[in-house]
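Accompanying notes for the structure given below.
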Amino acid sequence: MLKFLPLFWLKVIIHLSAALPILYLYYGAFSDTIGADPVETVIHFTGIGAFNLLIITLLISPVAKQFKWPNLLKSRRLLGLYAATYALFHLLNFVAFELQFDIALLGSEIIKRPYITVGMAAFVIMALLSVTSLSYYKKRLGPSWQKLHNYTYIMACLVGVHFYWSVKSEIIEPSIYLAIVIALLSIRGKRIKQWLLPKKNNR
Amino acid sequence: MLIKTPKRYAISENEVTSENIYRERRQLLKGMGFIGASALIAGTSNKAHAIDFFGSDDKPSFKQNTLTYQKDDSNNQTLTPEAKVTSHNNFYEFGTGKSDPVKNAQAFKVDPWQLKVDGLVDNPVTLDYDDLTKLFALEERIYRLRCVEAWSMVVPWIGFSLAELIKKAQPNSNAKFVAFETLYDPEQMPGQSSRFIGGGIHYPYVEGLRLDEALNPLSLMSVGLYGKTLPPQNGAPIRLIVPWKYGFKSIKSVVRITLTDKQPPTTWSQLAASEYGFYANVNPNVSHPRWSQASERRITGGGLFARNRIETQMFNGYGEEVAHLYKGMNLSKYY
């Protein structure tokens with residue numbers, strides 16, 4: 001059974017299935033063989049890839065609990081870091097290939113366009129969580145580490161809104177993503193409530 | 204010997220890229236499988252992102268015929284490769300992804316076709332399929348095409364002036380506007396039958412121009428590009444090209460042109476009037492909620508590193524020909 005897969009091999013599978021698409025994507029993008037506008041293709045691919053990985057990461061703890069699969073839980077950080085990597089590529093692609101390093105334009109885009117503002121906010125959270133995912137910080141931060149990493153939930157909502165606002169009229173796909181995020185957060189309803197409204201719960 | 208005086212908007216033809224790039228890219232796309240969650244859930248739909256990455260797409264391709272036309276031979280701008288012009292399309296009737304139309308439109312039937320010109324005219328006209336390319340002398344026009352999404356192309360269109368067609372129908376003195384309509388055929392156009400594929404815009408797609416805009420010599424009814432008849436993803440068999448306006452004004456696969464006395468509704472302003480106005484003139488000073496319009500990315504050859512971000516010009520660079528149409532108008536109000 002999959003459940004008894006050694007952690008090492010589980011991680012190998014995650015590495016292969018997350019890293020190979022990126023390599024393949026850039027191979028196609030540099031050789032100009034992935035559609036007429038490779039810039040758009042890489043931005044969409046890395047963006048949706050980051051969101052998929054984020055959702056998978058949020059699925060880990062309920063699935064691991066349900067099926068009593070500890071190794072899965074141990075691979076969660078790796079998946080989260082891949083989600084962050086895809087998000088980093090998404091942002092770098094936007095800055096390097098869409099805006100072509102027009103930093104002034106980047107600044108005004110972040111301020112003026114709500115979907116980019118929200119996306120950047122999500123990215124900042126993602127970056128913060130990635131850095132503090134190191135064991136060193138986990139030990140140092142103690143109980144506040146969990147509080148900090150609960151920001152994943154807020155980030156997931158921001159990413160969903162970012163996707164929803166970025167489309168012209170094809171809202172069905174982003175709506176499905178938002179519904180998935182809400183479902184994943186509602187599984188953790190009690191915990192999120194405790195985190196956001198700790199006083200109310202003590203009464 | 205034919206001596207042709209080049210018009211100012213005429214830009215010369217060079218670096219025409221062959222079709223084989225277009226063939227090659229199909230192979231690589233297939234291997235690049237990465238499924239969007241919605242595709243997993245929706246199953247049958249959302250071909251845009253998932254299914255075609257895995258499935259075979261060696262469908263029979265639409266047959267384009269060669270055209271006889273007067274060449275535009277006074278060119279100084281690099282053309283967008285043909286393979287890109289015919290594989291990067293916004294045509295929501297065939298899906299919202301840029302590469303959906305080329306995949307989903309190849310079986311589209313363009314013959315028989317009827318294009319009606321009616322409304323406030325003294326001589327209603329109906330063009331059959333053969334009339335589209337035979338009734339008027341065809342000429343090539345190399346135009347810049349600017350999308351509201353801030354990308355642009357340089358395309359060698361072939362067609363005839365919209366003015367010629369309108370004059371043939373003899374508009375009467377009450378005619379002030381020209382309304383256009385795309386074919387409505389949900390059986391052939393999957394986006395019209397499924398909201399998921401068609402992005403939830405209202406069909407049939409409609410567009411409109413003021414009569415004086417329509418009569419401007421730049422307004423072109425296009426029946427071809429790169430020397431051949433249009434492929435369906437580019438709006439076969441006949442489409443409008445209004446090069447000083449954002450691409451969504453240039454309605455595809457037109458079946459009806461109606462002269463009216465009132466400003467006709469337009470599809471994108473029906474959906475979001477605050478984002479897409481009736482005029483939709485290319486204007487670097489008026490921003491869209493999602494895209495700065497000050498600059499654009501020209502789609503050229505070359506991969507990811509093609510350095511092609513350029514400043515957007517007022518009226519897409521056709522101000523000399525069209526600015527007088529908007530004299531005294533506040534273009535941030537009438538966007």
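Protein chains in written order, with the working numbering: chain X, 1 to 203; chain Y, 204 to 538.
Cβ coordinates follow ideal geometry from the N, Cα and C atoms, glycine included.
Residue from the options with nearest C-alpha to residue i
i	options	result
Y/A417	Y/A286, Y/T329 and Y/T461	Y/T461
Y/E296	Y/P487, Y/Y449 and Y/G438	Y/G438
Y/W354	Y/I441, Y/N519 and Y/V458	Y/N519
X/T57	X/G80, X/V39, X/G47 and X/P38	X/G80
Y/A366	Y/G401, Y/D415, Y/P389 and Y/N533	Y/D415
X/R191	X/V12, X/G35 and X/S61	X/S61
X/I187	X/F45, X/L59 and X/E40	X/L59
Y/G504	Y/P440, Y/H491, Y/S290 and Y/A497	Y/S290
Y/M356	Y/M517, Y/I502 and Y/R510	Y/I502
Y/D334	Y/N326, Y/D314, Y/L348 and Y/Y346	Y/D314
X/P114	X/I48, X/D37, X/F163 and X/L10	X/F163
Y/L348	Y/Y521, Y/K530, Y/V525 and Y/A526	Y/Y521
Assigned exposure category for residue i - 16 Cβ within 10 Å defines buried
i	result
Y/Q395	buried
Y/E352	buried
Y/S535	exposed
Y/T269	exposed
Y/S456	buried
X/A104	exposed
Y/W360	buried
Y/L282	buried
Y/L443	buried
Y/N533	exposed
Y/N326	exposed
X/A84	buried
Y/A574	Residue 574 of chain Y cannot be examined here, being either before or after the span of chain Y that is shown, 204 to 538.
X/F101	exposed
Y/E523	exposed
Y/E227	Its pLDDT being 47, under 50, Y/E227 is placed unreliably in this model, and the coordinates cannot settle the point.
Whole-angstrom C-beta distance between residue j and residue i, which should lie under 8 Å
i	j	result
Y/P374	Y/V324	5 Å
X/A29	Y/L507	4 Å
Y/A372	Y/D464	Between Y/D464 and Y/A372 the Cβ distance is about 15 Å, and since that is not below 8 Å, they are no contact.
Y/T515	Y/V485	6 Å
X/G35	Y/K301	7 Å
X/K74	X/L7	6 Å
Y/F265	Y/F311	7 Å
Where the alpha helix (DSSP H) containing residue i begins and where it ends
i	result
Y/V457	Unbroken run through Y/V457 is the beta strand (DSSP E), V457 to T463; no alpha helix (DSSP H).
X/L54	P38 to Q66
X/I192	G189 to L196
Y/W316	It is not in any alpha helix (DSSP H) - Y/W316 carries neither H nor E in the DSSP assignment.
X/M155	Y151 to S166
Y/M356	Where Y/M356 is concerned, there is no enclosing alpha helix (DSSP H), although the beta strand (DSSP E) it sits in stretches over W354 to S364.
Y/M424	Here Y/M424 belongs to no alpha helix (DSSP H); instead the beta strand (DSSP E) covers L423 to L428.
Y/A382	Taken as a continuous stretch (DSSP letters only), Y/A382 belongs to no alpha helix (DSSP H), being part of the beta strand (DSSP E) at F380 to T385.
X/E109	I103 to K112
Y/T329	Run containing Y/T329: none in the alpha helix (DSSP H); it sits in the beta strand (DSSP E), V328 to D331.
Y/V525	G522 to V525
Y/R398	R398 to G401
Alpha carbon of residue i to alpha carbon of residue j, nearest angstrom
i	j	result
X/A156	Y/M424	47 Å
Y/I404	Y/S397	10 Å
X/A18	X/Y82	7 Å
X/H90	X/A96	10 Å
Y/G427	Y/V328	21 Å
X/L16	X/Y26	15 Å
Y/L474	Y/V409	12 Å
X/S108	X/T117	10 Å
Y/E499	Y/Q280	16 Å
Y/E343	Y/Q273	6 Å
X/Q194	X/K138	21 Å
X/I154	X/M126	10 Å
X/Q146	X/T152	10 Å
Y/P468	Y/I441	21 Å
X/F123	X/L54	12 Å
Y/Q317	Y/P284	31 Å
Y/T385	Y/I454	7 Å
Y/R229	Y/L412	Note that Y/R229 has pLDDT 41, beneath the 50 cutoff, so the model's placement of it is unreliable and the number below is only indicative. Distance between the alpha carbons of Y/R229 and Y/L412: 37 Å.
Y/R493	Y/I345	28 Å
Y/Y482	Y/V458	22 Å
Y/F294	X/A87	29 Å
Y/K452	Y/L368	18 Å
The beta strand (DSSP E) enclosing residue i, as first and last residue numbers
i	result
Y/G298	No beta strand (DSSP E) contains Y/G298, which DSSP labels as neither H nor E.
Y/Y346	E342 to R349
Y/L443	R442 to I444
Y/R501	S498 to R501
Y/L412	V409 to R413
Residue-chain proximity (residue i, chain C), Cβ-Cβ < 8 Å
i	result
Y/W360	Included in the structure are the protein chains X and Y, with no chain C among them.
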